[in-house]
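Order-wise, the sequence lines are chains A and B.
Sequence positions in the first sequence follow full-length UniProt numbering and run 1 to 771.
Sequence positions in the second sequence follow full-length UniProt numbering and run 1 to 205.
Glycine included, each C-beta is placed from N, C-alpha and C at the ideal position.
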Amino acid sequence: MLSTNQLILYDINKSIDAFNGWTHTAVGYCQGFNMLAAIILKVMEGDVDDSLKVMIYLIEGVLPESYFANNLRGLSVDMAVFRDLLRMRLSTLAKHFDKLQYAGQDQSTGTSYEPPLINVFTMQWFLTLFTNCLPQSSVLRIWDLIFLEGNEVLLRAALAIWDCLADRILTVESADEFYSIMGVLTREMMEFGVTDTNELIKTICIMAPFPFPQLGELREKYMYNIRPLTSSLALVKRGLQIFQSDDEDECDVGDDQIMLANLYSTNAYNSHKIKDQSSRTPSPHSENVRISNTLANNVVSGGTGSQTNNFLSSTNIDSQRMTLDISLLKKQYAKLKERQRQAQVIITEGFQRANSSAFAKKEPLTMNHLLLGKTALISKRPKRPSPVIQTVTRANYEPKSPRALRNRSNTVANLLSNKTNNNNNHKNSTNERKKYDKSSKGLTETPESETISWTEIKLEKKRHKFQRKMSEPVLTSFQESSCEDNSCFSSITAGAVDDIEIVVTRQQMKASNESLNSSSSSSTELCDDDHLNDNSSDFASSPEVYRKNRSLPTNHHQLANDNNKDNNNSETQRPVFQVSDDGPESYQLNDKSLSRGLAANHHQMTSETNNDNNNTDNQRSVFEISNDFLESIQLSEKSFSRDLPANHHQSVNDNNNSDVQMSVLHVSDGCLSDEKSVTDSGDQCLTANNNGDCDSSIDHHRSDPIPTQMSAIDDNYVKPEARDSNSNSNSDTSKDAYQSIKSEISSLSLEQCIQKLNEKLVSLNDGNLQQ
Amino acid sequence: MDKTYDYLFKLLLIGDSGVGKTCILFRLTEDAFSTTSISTIGIDFKVRTIELDGKKIKLQIWDTAGQERCRVIPTAYYRGATGVMLVYDVTNDKSFANINNWIRDIEEHASSDVETMILGNKSDVNDRRQVSRETGQQLATEYGIKFMETSAKASVNVEEAFFALAKDIKTKTDKQLASHPHSTRNTLFPYTPNAHHCCGKQGCK
């Protein structure tokens, strides 16, 4: 832990200034960042620029989404998840906490209500990543693990710490005593640590296999439950305070309330699903409503004895609550309906535009994504075809993405929106498109980290605006829009897109395996973890099938290859933003071609990208680049892993995102030609755990990503269960599509680029349609 | 652990970020002032036991993060609070304007009869003052809430404010006890589950 003095020592102001460049993004400065910044600055030896990169990577790439933004929703989710984990893992302690919270305290202290006891502590631990709870040596070790293994280490570490404290906590008999003793324990922990650091790390690692069992499900459960419930409840808050569970915080959600929350979401989900998939919905709506009502009744009647429900004991109030419940359900349903309608509007509009504009054939691609649920149902296509180009080439609507990636995309969009020149406008549009690939790819990887953004009404208004814009030729509309419009737009895009994704993804995630299999491969990306696991075994056991699919010759493959050759010869200097945007495509595509034996292309293009990026002094675009590189690296690893046994597929893609992302930073760093790169210090300091795998992967990516090394990385990251390889086929084809566009553009001026890009999109989609 | 107190009051400190909530608390519990205090993360608490009318009152004071996005965190703590200290910064009229929002929060999340008090902190900084004492007093009167100007730095009115609040709560509690002798002692709000037996502590005979 850094003391105040140390904070000053590292000139927190300097870092805050640096973060200010970032504050207009989705996250912005949050109380508690100073703790993180202090540690990072120290580890980075005071280099503000690099620290900023690490910081952004940490917050956007490692930690769950909305950990520091959006009313700290991600944190709230993790708090709720953690209470469940505590119940599962340290049941004695959890029961003791419950006892203190509910029964004991109100006789011993006279108070009648107590929020969950551990919240105040766990929240601080999570928000500061343990910097204000453990000595720095332990903190750094835990951070290593967080960077290496992902954010679930937070929960593991908290479990480990509570476990260590359990003995002393079990002796207390009231909440008040608990707080008193925790005051002492906190100071002790800060000074001496909770236990031997090596022991602590060991506990964290061996308490469960990575990834933590059920963590994904739990996070998903709370992610979907907390917010919708409370937001709809806000309107009837006064009358329904009992269910209120205190906003997103949901700190005092008892079991009853959780059950109720589940009801809402289940119901909402089902009604939602029914709308789109009425013919296939396994559980009829009416039945669902009945069930939920029954359950609600149970809650009402059964819960009165419990702590939270005592207040409303009269039957009058009970019936009032029932009414409110139903109205809430209705509200929820209406909301979803509206959302769906909006998605439809966008789709339809896009479709119409497709018929009348030069972009004619782009929209089907959009259709493909947005109506995944529907197309899946009526799809006559064989299992897992390779229509991938659609997904990627024209991605006006972002499919579900892992929070890290999407968050980053949003950030990028926001960053860009602050610039007024055409370059940026153009980049925005390109970026928009790119986001979708990222997310589509990413989805399979970390589905448990998804969010549903239940946007506010005001966002919906914006969305309409967005729709109008989107119906115009993409690039020109961007150029025409004013600066303000533009900035507004990009954020809207992100938000609106989120919403649409939700609609699709939610239903898709719950869709039967049948529909998953019959839908396009892009739809498979939208499945959740369970489905993934279900399907992955298939993929794993039949790599031939997969390869066959992959090698289906498409126009785009050929096109891409042609363009590849053409444009590698013409390495004209391109506008910087253009480059930073397109670079990754070239990178990924080259990885692909490389995997086909076009090694020369690969190197050439990679170096080209790097050179171009050297011109980008602007730090923001650096992060942009790093995003893209992340994508490309993931892709490249995927493409290489294709040649490995299927077991290897999931390796980096699924659970070791952090590793890959770490390497991203390094790549971007290399692009900037920073002498003192993140890599160097990062390797020294952040990986004190001496994970050789990580180091090696970083080096490979940064220096010279050649296939053997890539496979080596894959080998390093082999995980026990095989995961989906489906997204690979997507990315492959999409890479081709992008490559063709990108390489063509590389030799042109910005205007020409835009023109070309449009044409290319049209032609690609033409071919697509014909297919 | 022995019950070394007769009453336990849970107080909540709220207000915009940077108004000096933590400093007030620091002054109250440690009687010290730090110019380099770090912003509160999430929620924190401190304890101070005071003596009032011969009774020992343990104040469990919850210090909240004032940043907008952190406002959802303490909502669970509003409910258990018997008193709320609403702090603004006299050198920052925005924090004063936000009092209205905070009061709305209290109305929304706290029990209906929670004791509230408005504190105008940093009263020692007169050259940069943006909110006059009168304005503050007027607002407090409008809401029917007690008001004090404090200075954590100069140690002005901090103790007095908490004593005043504690006294109000105690008065209310005693009154409630008198009218409902069998209700839980410190319960001032309608959430009371099983308003039942006495707590069996001294002072609750």
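So what does DSSP say about M85 of chain B, is it helix, strand or coil? Taking the second sequence and counting its residues from 1, one reaches residue 85 of chain B at position 85. If DSSP states are grouped into helix, strand and coil, M85 of chain B belongs with the strands.
Along the alpha helix (DSSP H) that carries Y143 of chain B, what are the first and last residues, could you check? To locate residue 143 of chain B, count along the second sequence from 1; it is residue 143. Start and end: 133-143.
Beta carbon of I24 of chain B nearer than 8 Å to that of V87 of chain B: Taking the second sequence and counting its residues from 1, one reaches residue 24 of chain B at position 24. Taking the second sequence and counting its residues from 1, one reaches residue 87 of chain B at position 87. In this structure, I24 of chain B lies near V87 of chain B, with their beta-carbon atoms less than 8 Å apart.
Output yes or no for whether 8 Å exceeds the beta carbon distance between N92 of chain B and Q67 of chain B. Locating residue 92 of chain B in the second sequence gives position 92, where the first residue counts as 1. Locating residue 67 of chain B in the second sequence gives position 67, where the first residue counts as 1. In this structure, Q67 of chain B does not lie closer than 8 Å to N92 of chain B by Cβ.
Scan the segment 38-60 of chain B for residues whose Cβ lies nearer than 9 Å to a Cβ of chain A and list them as they occur along the chain. Taken in chain order, the members of the segment 38-60 of chain B whose beta-carbon sits within less than 9 Å of a beta-carbon on chain A are I38, S39, T40, I41, G42, I43, D44, F45, K46, V47, K58, Q60.
Straight-line CA distance for A334 of chain A to Q344 of chain A? As a first step, residue 334 of chain A must be located in the first sequence, where it is residue number 334. As a first step, residue 344 of chain A must be located in the first sequence, where it is residue number 344. C-alpha separation (whole angstroms): 15 Å.
Kindly identify the DSSP beta-bridge partner or partners of E149 of chain B. Within the second sequence, residue 149 of chain B is the residue found at index 149, counting from 1. Note: E149 of chain B sits in a beta bridge opposite B:G120.
For chain B, is any of its Cβ atoms less than 8 Å away from the one on A69 of chain A? Along the first sequence, one-based indexing puts residue 69 of chain A at 69. With 8 Å as the cut-off, A69 of chain A counts as an interface residue toward chain B.
Would you verify that the beta carbon of V131 of chain B is, or is not, closer than 8 Å to some beta carbon of chain A? Residue numbering aside, residue 131 of chain B sits at position 131 when the second sequence is read from its first letter. It does not; no Cβ of chain A falls within 8 Å.
If you draw a straight line from the alpha carbon of R73 of chain A to that of V114 of chain B, how long is it in whole angstroms? For the purposes of this step, residue 73 of chain A is taken as the residue at position 73 of the first sequence. For the purposes of this step, residue 114 of chain B is taken as the residue at position 114 of the second sequence. Their Cα atoms are separated by approximately 27 Å.
Helix, strand or coil, according to DSSP, for Y113 of chain A in the structure here? Here the question's residue 113 of chain A lines up with position 113 in the first sequence. The answer is coil: DSSP assigns Y113 of chain A none of H, G, I, E or B.
Report the neighbours of S115 of chain A on chain B: residues whose CB is nearer than 7 Å to its CB, in chain order. Counting from 1 along the first sequence, the entry for residue 115 of chain A is found at position 115. Note on residue identity: the sequence assigns Pro, not Ser, to residue 115 of chain A. Correct list: A76, Y77, G80.
Please report the residue range of the alpha helix (DSSP H) in which E177 of chain A lies. The residue labelled residue 177 of chain A in the question sits at position 177 within the first sequence. 175-192 is the span of the alpha helix (DSSP H), which, as asked, contains E177 of chain A.
C179 of chain A CB to nearest chain B CB: under 8 Å? The count along the first sequence starts at 1 and reaches residue 179 of chain A at position 179. Looking at the sequence itself, residue 179 of chain A is Tyr, so the reference to Cys does not match. Y179 of chain A counts as touching chain B.
Which whole-angstrom value is the C-beta distance of T40 of chain B and D63 of chain B, which I expect to be below 8 Å? Along the second sequence, one-based indexing puts residue 40 of chain B at 40. Along the second sequence, one-based indexing puts residue 63 of chain B at 63. 6 Å between Cβ atoms; contact.
Along chain A, which residues have their Cβ under 8 Å away from the Cβ of Q67 of chain B? Taking the first residue of the second sequence as 1, we reach residue 67 of chain B at position 67. Those within 8 Å of Q67 of chain B in chain A are C30, Q31.
Taking the straight line between their C-alpha atoms, what separation do you get for D31 of chain B and L215 of chain A? Position 31 of the second sequence, counted from the start, is the residue given in the question as residue 31 of chain B. Position 215 of the first sequence, counted from the start, is the residue given in the question as residue 215 of chain A. Near 44 Å, if we compare the C-alpha coordinates of L215 of chain A and D31 of chain B.
Is the beta carbon of F178 of chain A closer than 8 Å to that of L100 of chain A? Along the first sequence, one-based indexing puts residue 100 of chain A at 100. Along the first sequence, one-based indexing puts residue 178 of chain A at 178. Yes, the pair counts as a contact, with Cβ atoms nearer than the cut-off.
Using three-state DSSP, classify D167 of chain A as helix, strand or coil. Counted from its first residue, the first sequence places residue 167 of chain A at position 167. Residue state, collapsed to three classes: helix.
Proximity test, S180 of chain A beta-carbon vs the ligand FAD heavy atom, cut-off 7 Å: Only the bare structure without any ligand can be found here, which leaves the ligand FAD out of the picture.
When the Cα atoms are used, what is the spatial distance from E45 of chain A to L85 of chain A? Residue mapping note: residue 45 of chain A aligns to position 45 of the first sequence, counting from 1. Residue mapping note: residue 85 of chain A aligns to position 85 of the first sequence, counting from 1. Taking the CA atoms as reference points, E45 of chain A sits about 36 Å from L85 of chain A.
Where L336 of chain A and L63 of chain A are concerned, what is the direct C-alpha to C-alpha distance, given to the nearest angstrom? Mapped onto the first sequence, residue 336 of chain A falls at position 336. Mapped onto the first sequence, residue 63 of chain A falls at position 63. Rounded to whole angstroms, L336 of chain A to L63 of chain A spans 28 Å at the Cα level.
Complete runs of the beta strand (DSSP E) confined to the segment 35-114 of chain B [at least 3 residues]: 43-52, 55-64, 83-89
What residues in its chain sit with their C-beta under 7 Å from that of T476 of chain A, if we drop five residues either side in the sequence? By one-based count along the first sequence, residue 476 of chain A stands at place 476. Residue placement at T476 of chain A is poorly supported in this model, since its pLDDT is 37, which falls under 50; the coordinates are not used for a value here.
With 8 Å as the C-beta to C-beta threshold (strictly closer), list the residues of the segment 2-32 of chain B near chain A in chain order. Residues of the segment 2-32 of chain B that bring their beta carbon within less than 8 Å of a beta carbon in chain A comprise K3, Y7, L8, K10, S17, in sequence order.
Quick one: which chain B residues come within Cβ less than 7 Å of Q124 of chain A? Position 124 of the first sequence, counted from the first residue, corresponds to residue 124 of chain A. Result: I41, G42.
Answer yes or no: do L117 of chain A and A175 of chain A have a C-beta to C-beta separation smaller than 8 Å? Along the first sequence, one-based indexing puts residue 117 of chain A at 117. Along the first sequence, one-based indexing puts residue 175 of chain A at 175. Yes. Within cutoff.
With L134 of chain A and V43 of chain A assumed to form a contact (beta carbons below 8 Å), what rounded beta-carbon distance in angstroms separates them? For the purposes of this step, residue 134 of chain A is taken as residue 134 along the first sequence, with counting starting at 1. For the purposes of this step, residue 43 of chain A is taken as residue 43 along the first sequence, with counting starting at 1. That belief does not hold up - the Cβ atoms of L134 of chain A and V43 of chain A are roughly 15 Å apart, past 8 Å.
Any residues in the segment 130-161 of chain A with a beta carbon nearer than 8 Å to a beta carbon of chain B? Which ones, in chain order? N132
8 Å is my cut-off, CB to CB: does D98 of chain A come that close to chain B? Translated into the one-based positions of the first sequence, residue 98 of chain A becomes position 98. So no, D98 of chain A is outside the interface.
At 7 Å on the CB atoms, spell out the chain A contacts of I169 of chain B, in chain order. In the second sequence, residue 169 of chain B corresponds to position 169, counting from 1. Simply none; closest approach about 12 Å.
So I106 of chain B packs on V84 of chain B, CB below 8 Å; how close in whole Å? Numbered from its first residue, the second sequence carries residue 106 of chain B at position 106. Numbered from its first residue, the second sequence carries residue 84 of chain B at position 84. Yes, I106 of chain B and V84 of chain B are in contact; Cβ-Cβ is about 6 Å, under 8 Å.
Where F9 of chain B falls: helix, strand or coil (DSSP): As a working mapping, residue 9 of chain B is identified with position 9 in the second sequence. In this structure, F9 of chain B counts as strand in the three-state DSSP scheme.
I73 of chain B at chain A interface by Cβ criterion, 8 Å: Taking the first residue of the second sequence as 1, we reach residue 73 of chain B at position 73. By this cut-off, I73 of chain B is an interface position.
Bridge partners of G15 of chain B, per DSSP? Position 15 of the second sequence, counted from the start, is the residue given in the question as residue 15 of chain B. BP columns for G15 of chain B point to B:V87.
Less than 8 Å between C-beta atoms, sequence neighbours within five positions excluded: which residues of the same chain meet that for T4 of chain B? Position 4 of the second sequence, counted from the start, is the residue given in the question as residue 4 of chain B. Closer than 8 Å at the Cβ level, and outside the excluded window around T4 of chain B, lie T49, K56, K58.
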